[in-house]
Amino acid sequence: MMFKFKKWLWTKITGLMGADRAYAKYLAHFNHYQNNVVDSELQKDLNVKALSKEEFLKMWKPKTKCKTGCC
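The following block contains the structure:
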């Protein structure tokens, strides 16, 4: 329940922000997580990288889908 609320809140907040601010906030969260939360050995094994700005923008503003029943 709490995760769904946080995801909903994050979606609403980033929706009100501009693309540059949303990407900067994403990078800040990603870097904080990589530096302070994830085990360094696990991080090396997984080789997780931040999304590029273009990839982030594709996911941040997904294309609207048609309404149910109209297609």
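In this note's numbering, the protein residues as written are 17 to 87.
We put the CB at the ideal spot given by N, CA and C, even for glycine.
Asked, Found
"Segment limits, alpha helix (DSSP H) that includes Gln59", "Ser56 to Leu62"
"Residue interval of the alpha helix (DSSP H) (run including Leu43)", "Ala35 to His48"
"Leu25 (DSSP reduced to helix, strand or coil)", "helix"
"Inter-residue Cα distance where the pair is Tyr42 and Met17", "22 Å"
"Straight-line gap, Arg37 to Lys74 (C-alpha atoms, nearest Å)", "15 Å"
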